[in-house]
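Please read the structure below before turning to the comments.
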Amino acid sequence: MATVRRACALLLVLGALTLLAGSAVPVPPLGNGLARTPPMGWNDYNAFGLDVTEDLVRRSADRLVSSGLRDAGYVYVNIDDAWMAPARDAAGNLQADPERFPHGIGALADYVHGLGLKLGIYEDAGTKTCGGYPGSFGHEEQDARRFAGWGVDYLKYDTCYDGGVPARERYGAMRDALAATGRPIVYSICNWGADRVWAWGSGYGNLWRTTPDIRPTFASLLDVFHATVRVSGYAGPGGWNDPDMLEVGNGMTRTEDRAELSLWAMLAAPLITGADLTTASGATLADLANPAVVAVDQDPLGRPATVVSSRAGLDVLTRPLAGGDVAVLLFNETGAAADMAWTVPGATAVHELWTGATGTAVTARVPAHGVAMFRVA
Ligand code: GLA
Numbered sequence: 001m002a003t004v005r006r007a008c009a010l011l012l013v014l015g016a017l018t019l020l021a022g023s024a025v026p027v028p029p030l031g032n033g034l035a036r037t038p039p040m041g042w043n044d045y046n047a048f049g050l051d052v053t054e055d056l057v058r059r060s061a062d063r064l065v066s067s068g069l070r071d072a073g074y075v076y077v078n079i080d081d082a083w084m085a086p087a088r089d090a091a092g093n094l095q096a097d098p099e100r101f102p103h104g105i106g107a108l109a110d111y112v113h114g115l116g117l118k119l120g121i122y123e124d125a126g127t128k129t130c131g132g133y134p135g136s137f138g139h140e141e142q143d144a145r146r147f148a149g150w151g152v153d154y155l156k157y158d159t160c161y162d163g164g165v166p167a168r169e170r171y172g173a174m175r176d177a178l179a180a181t182g183r184p185i186v187y188s189i190c191n192w193g194a195d196r197v198w199a200w201g202s203g204y205g206n207l208w209r210t211t212p213d214i215r216p217t218f219a220s221l222l223d224v225f226h227a228t229v230r231v232s233g234y235a236g237p238g239g240w241n242d243p244d245m246l247e248v249g250n251g252m253t254r255t256e257d258r259a260e261l262s263l264w265a266m267l268a269a270p271l272i273t274g275a276d277l278t279t280a281s282g283a284t285l286a287d288l289a290n291p292a293v294v295a296v297d298q299d300p301l302g303r304p305a306t307v308v309s310s311r312a313g314l315d316v317l318t319r320p321l322a323g324g325d326v327a328v329l330l331f332n333e334t335g336a337a338a339d340m341a342w343t344v345p346g347a348t349a350v351h352e353l354w355t356g357a358t359g360t361a362v363t364a365r366v367p368a369h370g371v372a373m374f375r376v377a
């Protein structure tokens with residue numbers, strides 16, 4: 001009896017310590033059945049800002065197909081801010097800008113669907129979008145019906161001009177409005193990591209931004225990575241941490257681009273390319289499509305990586321994969337190449353995912369700002 005009581009007391013203490021350490025508290029999941037693996041696709045904002053047109057979206061969708069990216073998994077074609085006319089119509093409906101989107105969003109959805117792709121759109125849980133267009137706050141049901149009527153498959157929902165209304169109220173209203181349409185629409189919460197969104201996001205959306213906007217620099221990549229990996233425990237099938245859209249091809253070195261893709265794949269992050277696909281190089285397209293790296297991102301177990309070692313800017317991350325394999329990333333944050341290694345107990349075969357090299361040990365000379373990424377059987 002005394003032994004049982006001592007064991008119970010120990011369990012209570014361990015439980016309390018776990019809570020103090022801030023580990024994930026379960027939230028009832030959203031239950032729309034979508035995004036069982038992290039969404040993949042393209043979005044115009046990183047490369048074009050507010051300069052989006054129907055023509056650009058069509059040409060980018062065409063390029064997703066001709067480059068092979070669609071077949072690699074990049075299926076969402078997401079229109080960001082500034083697609084709208086400056087005012088709602090007489091019935092209060094949102095309308096596309098007649099000059100930049102002359103055929104409207106419904107026709108664009110049809111076009112994209114005809115290519116075997118899906119269409120995403122952008123709105124804001126406030127009175128205006130960040131670009132100053134009409135927001136959805138107070139119009140959630142009407143706007144959700146509009147999106148569903150057009151055939152929209154994904155909504156990125158921003159948080160400018162929030163009027164001081166709590167995030168959960170604003171994001172919950174659109175969640176319920178989307179559900180009421182009956183159309184499957186992936187719901188992307190874009191509140192920049194405010195209000196500890198990772199702790200409640202899975203009850204509201206399919207993904208949630210963990211930080212303010214990323215920039216195409218290694219310093220920004222590092223900030224976003226560090227902020228996201230520390231909340232890995234909150235993400236899983238149907239609800240993902242979103243470290244923002246990829247900057248691959250937007251000005252970093254190829255080494256840094258590959259580091260970004262590898263980190264995002266380890267984090268089970270959405271892979272939404274923010275590159276200009278109409279001019280992207282063969283190297284950018286090939287890196288984005290790397291099937292072994294994409295497979296880690298899309299692994300059905302859906303357990304994001306954690307940092308298992310970090311010393312003087314040399315990080316090791318591991319991620320358990322379905323079927324018992326383990327993904328290991330050696331990441332060199334520093335400005336000088338470094339020899340790095342990690343031991344995986346019981347490893348039988350080791351495969352490096354960028355060079356294709358095979359062996360039995362996780363070890364590499366990792367370039368400055370670079371990675372070596374392994375799948376270990
Ligand atoms: C915010 C978002 C960005 C982008 C812009 C558009 O900054 O975080 O991703 O959508 O608004 O104005």
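With the numbering used here, the residue at position 287 of the sequence shown is 287, and numbering never jumps. Every residue, glycine too, gets a C-beta built ideally from N, C-alpha and C. Here the structure is a predicted model, which is why all the values come from computation and not from measurement.
Item: Which value, in whole angstroms, describes the spacing of the CA atoms of Asp153 and Trp200?; Value: 23 Å
Item: Is it the case that the Cβ atoms of Val378 and Gly41 are separated by a distance below 8 Å?; Value: Nothing can be reported for residue 378: it is not among the residues displayed for the chain, which extend from 1 to 377.
Item: Evaluate contact between the segment 86 to 102 and the segment 203 to 212, counting only Cβ atoms and requiring at least three cross-stretch pairs below 8 Å.; Value: no
Item: Near Ala235, which residues of its chain fall below 7 Å by C-beta distance, leaving aside the five closest residues on each side in sequence?; Value: Asn241, Ala268 and Pro304
Item: Enumerate in chain order the residues of its own chain whose CB-to-CB distance from Asn250 is below 7 Å, with the five nearest sequence positions on each side excluded.; Value: Asn46, Ala47, Pro216, Gly274 and Ala275
Item: Which residues bound the alpha helix (DSSP H) around Val75?; Value: Taken as a continuous stretch (DSSP letters only), Val75 belongs to no alpha helix (DSSP H), as it is neither H nor E.
Item: Residues in the same chain with beta-carbon distance under 7 Å from Ala82, minus the five sequence neighbours each way, listed in chain order, please.; Value: Leu50, Val52, Gly131 and Tyr133
Item: Thinking C-beta only, is Asn43 closer than 8 Å to Met245?; Value: yes
Item: Consider the C-beta atom of Thr129 and the heavy atoms of the ligand GLA; say whether any pair is separated by less than 7 Å.; Value: yes
Item: Give a single yes or no on whether Trp83 has its beta carbon closer than 7 Å to a heavy atom of the ligand GLA.; Value: no
Item: What is the rounded straight-line gap between the Cα of Thr278 and the Cα of Arg63?; Value: 7 Å
Item: Where does Val113 fall in DSSP's three states?; Value: The question names Val, yet the displayed sequence has His at residue 113. DSSP places His113 in helix when its eight states are reduced to three.
Item: Could you check where the beta strand (DSSP E) with Glu352 kicks off and where it finishes?; Value: Val350 to Glu352
Item: DSSP puts Met84 in a beta bridge; with which residues?; Value: Ala96
Item: Spell out the partners DSSP gives Thr358 in its beta bridges.; Value: His351
Item: Per DSSP, what kind of secondary structure is Ile79 in: helix, strand or coil?; Value: coil
Item: Taking Glu123 and Asp143 to be in contact with their CB atoms under 8 Å, please state how far apart those CB atoms are, rounded to whole angstroms.; Value: 6 Å
Item: Whole angstroms is fine: what's the gap from Gly149's alpha carbon to Ala35's?; Value: 21 Å
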